[in-house]
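Okay, structure first, notes after.
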Amino acid sequence: MRSSDAPAPESLQRDVQTAKLGSHTLALRSRSWNRLRFEMEYALERGTTANSYLIQGEKIALLDPPGESFTSIFLESLGQEVDYKDLDYVILGHINPNRAKTLQALLQKAPQITLVCSNPAAKVLETLYTETLGAELPGYTLQIQVIKGDDTLDLGRGHQLRFVPTPTPRWPGGLCTYDPATEIAFTDKFFSLHYCGDQVFDEEWLQFLEDYRYYFDCLMAPQLTQSMAAVDKIEALGSKIYAPGHGHIIRSGRRGLTDAYRQWSQVQQKQDLMVALLYASAYGSTATIAQAIAQGVTKAGVRVETLNCEMASPEELRSVADRCDGFIIGSPTLGGHAPTQIQTALGILLSTVPKTKPVGVFGSFGWSGEAIDLLEGKLKDAGYGFGFESIRVKFKPTDLTLKTCEEAGTDFAQGLKKAKKQAERKASGSLEDSQAAITEQAVGRILGSLCVLTAKKGEVTGGMLASWVSQATFSPPGLTVAVAKDRAVEGLAHTGDRFVLNVLAAGRDRELQKHFLKPFEPGADRFQGLDIDTASCGAPILREALAYLECRVANRMECGDHWVVYGVVEQGKLLDETSKTMVHYRKTGSRY
């Protein structure tokens, strides 16, 4: 167990933890032990910290105030550290509507503040002021200092801050800050994770590598080119500490995590298939859907190149359209129409991408979804084939919606891989006599019991047929099961999650096999029509099973195209004392 895994008392479900990082530099970590947001990167449900930083030179700067979930407790804590009238700057690593409430309250207390941000972020700020902030600040004029080129900000006492623009499709206004006086790089979204505990620094960072990897896969992998360009800039600063927007302050694992980012990025860069994912987002929902779809694509071993059409140039759009093996495009509906940038992108895609390549459409809307209908209609009329049914989301997506989006992305990627494999087989002819085929036949003779793994987290339930199962330990009783990276249930089998392994009985396994072998539509109920009970962890128990085991994921190891999950058996029951375990026989080791 991680040293900080103990649950917080009820009275401490949200608080602000302060810690000194260096000369005149303080971290204010707004903490929640509960999941705050619906986005995919929070799905491990291990809480989070929203890290803000206070640098008190002759002038005082606050970096990255948290979102509205923490507004009240954060401002109370900040007021104990500094007099609001002495606060000179608020530096914003990124800006989104979630921060509007906190900024609004902060400006009411300290109207003299200058907001420091990139030019794209300044445009978002001005829009937020018009739509949100200005309502509570009548007659107030935002004071914004836009960072350009090699701009610096002198706070005095040696704190000559340097700024590093780190734009990505998700955060076009991304900005990192470096303080040479303390050798701290304030990295905002980079090197973050969502986990809440008492640890401030990362002395045990290796125990959290799975969490860092999950955050990377959710947010960095879909925008890999821009993300790794930002990592290069951060690394070039030569800092001794990374102070990210979420999670631990990184000093012990700085080198190791930087290397891990590069290793994880290489996994994506080596993929020979690429999906172009293009979108615009008015209030963040369409961007969140795009993120979920992208995660599904990357899980299946296909690279994603994401472009925010509001920021991408025609040249960038043509480049990705020319290189992609398929594309997915998403749009909000504004005033009954798609934004102009989406219409421009659609025109480039139609004139560039061959009709033989698959496409997908998604979008969010408040009252109507004309933009989605427009995209779908234009692409159908042009003769494109669709990799999934168009996704329409009214208002904010839920956990179930995001899981459906992820599965749609996986289906899209699997379709590309299947088409590629068929083309390769057609080109090369039969491989039955090759050494690879002979080896595959030998590997296929490894036997395993046939089981159904089931899991549930929140509103999301999943299940899969599994035969790569083996007992691993006597004390505690434990087993391993291999889960393919592109399986929908994989996201429910992280460390700390619980699952049920239903062992099938020989002679009456056929219908269950048939049920779980059939392809499911994204978001479909895997257990409709089955006779089930519910385990203590909420996962389904199949009444027709020979036995079942309720397990907790204690560890998992990445192995090629699978995760090997080690589960500790917490309880189980034999349901049929007379039948035998169904054993799965295979002719080849190249497929199930």
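All the letters of the sequence shown, read from the start, carry residue numbers -12 to 579 under my numbering.
For glycine and all other residues, C-beta sits at the position ideal for the given N, C-alpha and C.
query, result
"Just to confirm the assignment: which complete beta strand (DSSP E) runs, minimum length 3, are found wholly within the region 132 to 163?", "139 to 141, 147 to 152"
"By how many angstroms is the C-alpha of D75 removed from the C-alpha of V580?", "Since the first and last residues shown for the chain are -12 and 579, residue 580 lies out of range."
"Mark A588 as exposed unless 16 or more other C-beta atoms lie within 10 angstroms of its C-beta, in which case mark it buried.", "Outside the modelled stretch of the chain, which goes from -12 to 579, sits residue 588, for which no answer is possible."
"Beta-carbon within less than 6 Å of G435's beta-carbon, same chain only, minus the 5 sequence neighbours each way: which residues are those?", "S454, W455, V456, H571"
"So, under 8 Å CB-CB, M569 and L437 are touching, yes? Tell me the CB distance rounded to an integer number of Å.", "4 Å"
"From Q213, G9, G121, R86, pick the residue whose C-alpha is nearest to that of G145; which is it?", "G9"
"Express the C-alpha separation of L403 and S462 in angstroms, rounding to a whole number.", "44 Å"
"Quick one: grab the DSSP three-state call for T568.", "strand"
"Apply the 10 Å Cβ neighbour rule to M544 and answer buried if 16 or more other Cβ atoms are within range, or exposed otherwise.", "exposed"
"Compare the C-beta of G161 with all C-beta atoms of chain B and state if any pair is closer than 7 Å.", "Considering every chain present, this structure includes no chain B. It has just one protein chain."
"If you measure between the beta carbons of I329 and A267, is that distance less than 7 Å?", "yes"
"Which residues mark the beginning and the end of the beta strand (DSSP E) in which H502 is found?", "H502 -> not in any beta strand (DSSP E); alpha helix (DSSP H) instead, spanning 497 to 504."
"Measure how close the beta-carbons of G161 and A281 come, nearest whole angstrom, since I'm counting them as under 8 Å.", "G161 to A281, Cβ: 17 Å. No contact."
"So, does the region 230 to 242 touch the region 207 to 214, judging by three or more C-beta pairs under 8 Å?", "no"
"Would you kindly check if the distance between the Cβ of R16 and the Cβ of T36 is under 7 Å?", "yes"
"Is R578 helix, strand or coil by DSSP?", "coil"
"What residue range does the beta strand (DSSP E) around K560 cover?", "549 to 561"
"Assign A532 to buried or exposed, taking buried as 16 or more other Cβ atoms, counted over all protein chains shown, within 10 Å of its Cβ.", "buried"
"Look up P612 in the DSSP assignment and say whether it is helix, strand or coil.", "Here the chain covers residues -12 to 579 and nothing more, so residue 612 does not appear."
"Alpha carbon to alpha carbon, how far is D563 from E26? Give it in angstroms, no decimals.", "42 Å"
"Would you report the Cα separation of Y71 and G372, rounded to the nearest angstrom?", "58 Å"
"Could you check whether I315 and G347 sit closer than 7 Å to each other, using their CB atoms as the reference points?", "yes"
"On the three-state DSSP scale, how would you describe G323?", "coil"
"Ignore the nearest five residues each way along the sequence and tell me which others in Q147's own chain have a CB closer than 6 Å to its CB.", "T139, D141"
"From L418 to S577, what distance separates their C-alpha atoms?", "Low confidence applies here, because L418 scores a pLDDT of 49, under 50, leaving its location unreliable; read the following figure in that light. If I take the Cα positions, the gap works out to 12 Å."
"For S351, which beta-bridge partners are listed by DSSP?", "P319, V380"
"Could you name the residues that DSSP lists as bridge partners for F314?", "A263, V346"
"Which class does R86 belong to by DSSP, given the choice of helix, strand or coil?", "helix"
"Whose C-alpha, out of D548, V556, R530, A534, is nearest the C-alpha of N542?", "V556"
"By the three-class DSSP mapping on this structure, what secondary structure does E537 have?", "strand"
"I'd like the ranges of any alpha helix (DSSP H) spanning at least 4 consecutive residues and lying wholly in the region 412 to 500.", "422 to 430"
"Under the assumption that K535 contacts N489 (Cβ atoms under 8 Å), give the Cβ distance between them as a whole number of angstroms.", "Note on identity: in this sequence residue 535 is Tyr, with Lys being the wrong assignment. That belief holds up - the Cβ atoms of Y535 and N489 are roughly 5 Å apart, short of 8 Å."
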